[in-house]
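What follows is a single structure, written as structure tokens, with notes after it.
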Amino acid sequence: MHAEPRSGLLVAWGNALLAGHVAPDDAVTEILGTDEPHRVTGVPGEPGPVGLSLALGRLRALGVHGLRLALPVAGDPLALPGPPAFNDFALDAGEAAITVGAPGAAYGLVPSVTRHGTADDATVRVAWTVFEVADRPAPGPFLAEAERELAEAMRDTIEDLTRLDVAGGGPAAQRALAGLYRKDSDTRIAPGHPGRAGRVLDQARRIHAVVRVASGEDGGAVSAAEISARLLALAPLERACRRAMVAAYSAALEPDRA
1 MHAEPRSGLL VAWGNALLAG HVAPDDAVTE ILGTDEPHRV TGVPGEPGPV GLSLALGRLR
61 ALGVHGLRLA LPVAGDPLAL PGPPAFNDFA LDAGEAAITV GAPGAAYGLV PSVTRHGTAD
121 DATVRVAWTV FEVADRPAPG PFLAEAEREL AEAMRDTIED LTRLDVAGGG PAAQRALAGL
181 YRKDSDTRIA PGHPGRAGRV LDQARRIHAV VRVASGEDGG AVSAAEISAR LLALAPLERA
241 CRRAMVAAYS AALEPDRA
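Structure below.
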């Protein structure tokens, strides 16, 4: 599994590129990671798929000066701007990047990921689709707000994590819990982002790993009632994690950093 949402990487490093903090080739290298070169379809003025560097250049020429992240799930679209066709596509992917700044227009980019080969030697291809979306101001969340919400949600949920015996789910659960308390970090924040963004993103990613296990994705056999109880108890924490990741990846666009 990719360590970070591709839309998050596109937003963070795309913002660094658009602000002039990194060169196009360096930004694309960071976004790709170990993926095959990404292709982007639907870029205004381009009749067919183009590479990431050209796509970002075209968007900048249209007046785009930033990108913000969306991490929607069913029942919580988390400020998707519409229209419905774009919202549905973003919900299916669980992520999207939305442009900021183009006069009278906004665009949403949604990734589609395909894997070929074995788990140990997979080729990953990513195709982005560009939609014209409603031009609405983002309501946040912002870093300070999201960090506070995450801390409060973690405090409120810790008793449920213990009661639901997350560590009893098996080795995957134990690894997730160990990662929660690890002191080192493998989170790298793009130039132009505040240091606080790295701290918030690192914490959100670790907690989210525990939430995924506690929700039953990698845990041991449990009853339907237990799964329902876990999902209900952990829903506020899962949402707080997504809001924290949205704030951290999009932190370069916070008003006081404009």
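Residue numbering for the sequence shown follows the working numbering, beginning at 1 and increasing consecutively.
All residues carry an ideal CB built from backbone N, CA and C; glycine is no exception.
Please read these numbers as outputs of a predicted model, since none were measured by experiment.
Among the candidates the options, whose CA atom is the shortest distance from the CA of residue i?
i	options	result
ALA122	GLU36, VAL22, LEU10	GLU36
LEU201	GLY33, LEU231, TRP128, ALA247	ALA247
VAL64	VAL50, LEU71, GLY82, ALA97	ALA97
ALA27	THR34, VAL40, ALA233, ALA12	ALA12
ALA244	GLY192, ALA235, ARG205	ARG205
GLY75	GLY66, PRO194, LEU91	LEU91
VAL43	ARG199, GLY192, VAL110, GLY198	VAL110
ALA233	ALA251, LEU253, VAL211, GLU95	VAL211
LEU67	ARG115, LEU9, GLU30	LEU9
TRP128	GLY33, LEU237, PRO5, PRO49	PRO49
PRO5	ASP25, PRO24, GLU30	GLU30
With DSSP run on the structure shown, which of helix, strand or coil describes residue i?
i	result
LEU18	helix
TYR41	The residue asked about is misnamed: residue 41 is Thr in this sequence, not Tyr. Note: THR41 maps to strand in three-state DSSP.
ALA240	helix
VAL64	coil
GLY219	Residue confidence is low: GLY219 scores 48 on pLDDT, short of 50, so the model does not pin down where it sits. Its coordinate-derived value is still stated next. In the structure shown, GLY219 sits in coil (DSSP, three-state: anything other than H, G, I, E or B).
PRO77	coil
ARG148	helix
ILE189	coil
GLY48	coil
GLY101	coil
ALA70	strand
Can you name, in chain order, every residue of its own chain whose Cβ lies under 6 Å from the Cβ of residue i, other than the five neighbours on each side?
i	result
ALA240	GLU149, LEU150, ALA153
HIS208	CYS241
ALA190	ALA12, TRP13, ALA16
PHE89	VAL110
Go to residue i, then tell me how far its beta strand (DSSP E) extends in each direction, as first and last residue.
i	result
PHE131	121–133
SER250	No beta strand (DSSP E) holds SER250; DSSP gives it neither H nor E.
LEU109	106–118
Using a 10 Å radius around the Cβ and a threshold of 16 neighbouring Cβ atoms, would you call residue i buried or exposed?
i	result
VAL73	exposed
ARG136	exposed
GLY117	exposed
GLU145	exposed
PRO47	exposed
THR99	buried
GLY104	exposed
PRO81	buried
VAL113	exposed
THR34	exposed
Kindly indicate the opening and closing residues of the alpha helix (DSSP H) around residue i.
i	result
ALA85	84–93
PRO24	24–32
What residues in its chain sit with their C-beta under 7 Å from that of residue i, if we drop five residues either side in the sequence?
i	result
GLY192	ASN15, ALA16, ALA19, HIS21, ALA252
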